[in-house]
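Peer 1: Supplied in structure tokens, the structure appears directly below.
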Amino acid sequence: MIVGDRAARPDRMGPAWGTLAPRRLVSIALVALVVRVALAVPALGDVERFYVAPDSFEYDQLAANLVAGRGYSQATMPPYTPDVRRTPGYPLALTAVYAIVGHRPAAAVAASVLFGVLACVLTAVLGGRLYGTLAGTLA
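Written as structure tokens, this is what we have:
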């Protein structure tokens, strides 16, 4: 084996999913989904149980105002002053959900469940790429 020869070295990055097989990633996604749904189903009758003060209310208000064309504001009535306390990522995701289905907090919960599953899969991929199959699976 020549030290500088790329053909003689294994590719450190491997396939797009790292060292984790697609079947394992599907298993991770299913476990993540089952856990999240098991926690969400009991509260579906009372969506307010999903709100954690003050974060949930603020994200919800930002998204509702964006959909209504009032800008990135937490205000519930004029003047709608811009908010600088919250980063825009999650409110923008909620805005997309509310723009499609209307202001339905249950839809926001469903989207959050899917975001959480995606986060678990991406964490597993990153852990697998950086530290190997076991670390990726446990991550």
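Sequential numbering from 57 applies to the sequence shown in the numbering used here. Glycine included, every Cβ here is placed at the ideal spot set by N, Cα and C.
Quick one: what does DSSP say Y136 is sitting in, helix, strand or coil?
Peer 2: In the structure shown, Y136 sits in coil (DSSP, three-state: anything other than H, G, I, E or B).
Peer 1: With contact counted as at least three CB pairs below 8 Å, one residue from each stretch, are the segment 145-158 and the segment 116-124 in contact?
Peer 2: Result yes; three or more Cβ-Cβ pairs closer than 8 Å.
Peer 1: Put V93 into one of helix, strand or coil per three-state DSSP.
Peer 2: Residue state, collapsed to three classes: helix.
Peer 1: Which residue wins for smallest C-alpha separation from R142, given the options Q117, P135, M133?
Peer 2: Per the Cα distances, Q117.
Peer 1: Does DSSP put Q117 in a helix, a strand or coil?
Peer 2: Of the three classes helix, strand and coil, the one that applies to Q117 here is helix, per DSSP.
Peer 1: What do you get for T132, buried or exposed, if any count of 16 or more other CB atoms within 10 angstroms of its CB means buried?
Peer 2: That one is exposed.
Peer 1: Exposed or buried, what is A77 when buried is set at 16 or more other beta-carbons lying within 10 Å of its beta-carbon?
Peer 2: Result: exposed.
Peer 1: Less than 9 Å separating the beta-carbons of T179 and R80?
Peer 2: No; because the gap between Cβ atoms is not below 9 Å, this pair is not in contact.
Peer 1: On a Cα-Cα basis, can you pick out the residue from A149, A167, V169 that is closest to V119?
Peer 2: The identity of residue 119 in the sequence shown is Ala, whereas the question assumes Val. Minimum Cα distance to A119 is reached at A149.
Peer 1: Specify the secondary structure class of R160 as computed by DSSP and reduced to three states.
Peer 2: Looking at R160 - three-state DSSP - the assignment turns out to be coil, as it is neither helix nor strand.
Peer 1: Nearest to V90 by alpha carbon, out of R105, V169, V103, D102?
Peer 2: It is V169.
Peer 1: Where does D111 sit, in a helix, a strand or coil, going by DSSP?
Peer 2: Note: D111 maps to helix in three-state DSSP.
Peer 1: For the alpha helix (DSSP H) containing T143, list its first residue and its last residue.
Peer 2: Run containing T143: none; DSSP gives neither H nor E here.
Peer 1: Leaving out five residues before and five after Y115 in sequence, what residues of the same chain have Cβ atoms less than 8 Å from its Cβ?
Peer 2: Hits under 8 Å: R142, Y146, P147, L150.
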